[in-house]
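Before any comments, here is the structure.
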Amino acid sequence: MGALANRDFRRLWLADLVSQFGSRVDVLAVPLLAVTALGASVFEVSLLRTAESLPYLVLGLQVGAWCDRMRHRPVLIAADVGRAALIASIPVAALFGVLGLAHLLVVVLGVGLLGVFFDIAHQTYVPRLVTREQLPDANSRLQTNLSMAAVAGPGLAGLVVQALGNAAALAVDAVSYLWSALWLRRIETPDVRPEPRPRRLLREIGDGLRVVRADRILLAISVHGAVSSFFQSVHLAIVVVFLARDVGLSPWAIGLLGTVTLTGALTAGLTARRIGARIGGARALWGAAVLYGLAYQLYPFTGPGWGLTCYVVAGYFASFGVIVLNVFGMSFQQAAAPPELLGRVNSITHTLVFGAIPLGSLLGGVLASAFGMRATLHIAAAGVLASAAILHWSPLRRLRDLNGVSAGHP
């Protein structure tokens with residue numbers, strides 16, 4: 000069973016499993032709610048994605064320093080409960096006829112803020128529950144959850160949205176956050192508070208930045224994540240609207256299309272460990288970056304009928320590539336960073352990756368308004384492919400797996 004033999008990691012895994020499925024509902028329901036019920040423009044839809052990811056750009060580095068001072072499990076539980084309450088406010092407001100775009104923006108901004116705390120604490124918490132040797136397996140298990148949600152979630156979300164309506168369907172996501180909080184409360188491994196130290200926020204952030212800058216592996220992973228995330232966000236900011244308006248798909252069809260394309264994510268989640276064992280985690284990491292970039296080149300050719308084949312093929316290989324990237328990128332990062340600085344190192348990567356999202360989302364809305372959605376998808380695809388060079392020409396080319404990495408040394 001690998002990492003799942005660890006009872007507390009199994010609880011973390013179960014908390015993550017249903018939460019991943021629930022989150023797929025709001026990925027589809029929120030932009031569709033804005034478009035269909037509130038008449039939002041493509042630029043206003045891109046603002047929603049910008050609002051959700053903006054907290055990483057503003058607070059990501061500070062949260063990393065705070066997480067290195069705190070116990071992680073209470074942070075995770077509080078973030079889950081808070082996100083459940085915020086998401087639940089959308090169907091309540093819709094029920095009373097007071098839902099507006101401003102309300103949606105406030106909710107996604109709040110969910111994004113709590114997500115910063117959750118994501119950084121979660122990635123820092125995993126190495127406290129499993130051994131170093133179990134990190135690739137543990138990350139692969141968590142990415143398999145993401146993969147299964149990616150495959151089944153869009154179709155399920157499409158059915159739920161079509162059956163209940165966009166607003167009511169978001170209650171499913173709220174319940175999934177509560178499920179996660181309940182499982183996290185059952186973890187028994189002592190969550191020890193780090194040793195007290197002088198609270199010098201800027202110096203603490205600087206320590207993390209120096210570690211990433213000095214370690215060429217951490218630097219390459221972080222910069223690749225930022226660049227690819229920027230151009231992926233250009234794509235994601237408009238793709239749902241593109242499928243609905245230009246291709247003419249219904250919410251259920253968009254969800255079904257997502258299910259078909261994201262089978263690549265499930266395949267990757269189930270095979271990533273074996274790929275790493277066969278060719279080495281380092282080669283798996285930069286090879287996945289190349290595959291991911293090449294797959295994006297097909298998205299702009301999507302059209303009605305047989306034209307959907309381009310989207311399916313692109314989605315399969317892009318989702319396969321991104322899961323392999325996540326599994327080995329996180330494992331190398333957790334192995335290379337000094338344990339006492341892991342929260343800050345994680346926050347730097349998260350800030351670069353998620354901080355690029357609002358910028359890319361805004362650019363996506365601007366480019367789509369100026370040049371059209373298909374041309375914008377071509378620009379995004381070219382950027383994602385170009386980002387693969389960062390990993391391909393990094394020191395990862397000379398490594399095979401985690402055994403070539405020493406924590407805290409460049």
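Position 115 of the sequence shown, counted from 1, bears residue number 114 in numbering that gives the first Met the number 0, the numbering being contiguous throughout. Glycine included, every Cβ here is placed at the ideal spot set by N, Cα and C.
Residues A334 of the same chain have their beta carbon placed closer than 7 Å to that of R131, with the five preceding and five following residues left out of the count. Residue state for I274 is assigned as helix, using DSSP reduced to three classes. By the neighbour-count criterion, in which a residue is buried when 16 or more other Cβ atoms sit within 10 angstroms of its Cβ, V17 is buried.
Excluding residues up to 5 positions away in sequence, S179, W182, L183 lie with their Cβ nearer than 6 Å to the Cβ of A14 in the same chain. Rounded to whole angstroms, the separation of the alpha carbons of I322 and A170 is 28 Å.
Under the three-state reduction of DSSP output, A28 falls in the helix class. Nearest Cα to V352 within the set V110, F230, V311: F230.
Take I204, set aside five residues on each side of it, and the residues of its chain with a beta-carbon closer than 6 Å to its own are L60, A64, in chain order.
In its chain, beyond the 5 residues on either side, C309, V312, A313 have a beta carbon closer than 7 Å to the beta carbon of L297.
Counting C-beta pairs with one atom in each stretch, the segment 326–344 and the segment 133–146 have three or more that are closer than 8 Å, which means they touch.
Counting along the chain, no alpha helix (DSSP H) covers D245, and no H or E run does either.
Residue state for E51 is assigned as helix, using DSSP reduced to three classes. S227 places its beta carbon less than 8 Å from that of V383. With a cutoff of 8 Å on beta-carbon distance, Y295 and A317 are scored as near each other. Taking C-alpha positions only, A50 is separated from P357 by approximately 7 Å.
By the beta-carbon neighbour count (other beta carbons within 10 angstroms, threshold 16), A374 is exposed. One thing to note: A225 has its Cβ no nearer than 8 Å to the Cβ of I86. Short of 8 Å from the beta carbon of D245, and not among the five residues preceding or following it, lie these beta carbons of its own chain, in chain order: M372, R373. Taking one beta carbon from each stretch, the segment 90–103 and the segment 26–42 have 3 or more pairs nearer than 8 Å; the two touch.
In this structure, DSSP gives S227 a helical state, which the three-state scheme calls helix. With contacts defined by Cβ atoms closer than 8 Å, H223 and A288 form a contacting pair.
Between the alpha carbons of R68 and E187 lies a distance of about 20 Å. Distance from the CA of S346 to the CA of W305, rounded to the nearest whole angstrom, comes to 43 Å. For S232, the three-state secondary structure derived from DSSP is helix. Scanning the segment 77–103 from its first residue to its last, no whole beta strand (DSSP E) run of 3-plus residues comes out.
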